[in-house]
Amino acid sequence: MPPEGMCNLQPTASQDQNSVADLDSQLQEQERIINISYALASEASQRSKQVAAQQLALLPPKAPLSSRTVPPYPPLSNGLHYTFV
1 MPPEGMCNLQ PTASQDQNSV ADLDSQLQEQ ERIINISYAL ASEASQRSKQ
51 VAAQQLALLP PKAPLSSRTV PPYPPLSNGL HYTFV
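With full-length UniProt numbering, the residue at position 62 of the sequence shown is 62, and numbering never jumps.
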C-alpha cells in the first residue's frame, strides 16, 4: 500500500485534458505574438523605405563629377598638379 501522501500523484484524465488545453492555448498565444511581431517588422520596413524615398525626393540633384569647376587636388605652388590613379 503506498504512503498516504503518494495517492494523488497520478493525474486524472481531466487534469491531462486541462494541461493539454493549457499547452495548446499557450502555443496559440506564442504563434499570435510571433505573427504580430512579423507584421510590425514588415510595416516598419515599408515605412522606413517610404521615408527614405521621400528624403531622396527632397534632395537637390547632384551634379555629375565631370562638371566640377574645382580641380580634385589643389595645385602645388609651382602650378603643377598631381593626379593619383
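C-beta: ideal position from N, C-alpha, C; glycine also.
In the structure shown, residue 62 adopts coil according to DSSP, grouped into three states. Looking at the backbone, the Cα of residue 57 and that of residue 33 are separated by about 36 angstroms. C-alpha of residue 22 to C-alpha of residue 55: approximately 49 angstroms in a straight line. Residue 61 and residue 38 have their C-alpha atoms roughly 36 angstroms apart.
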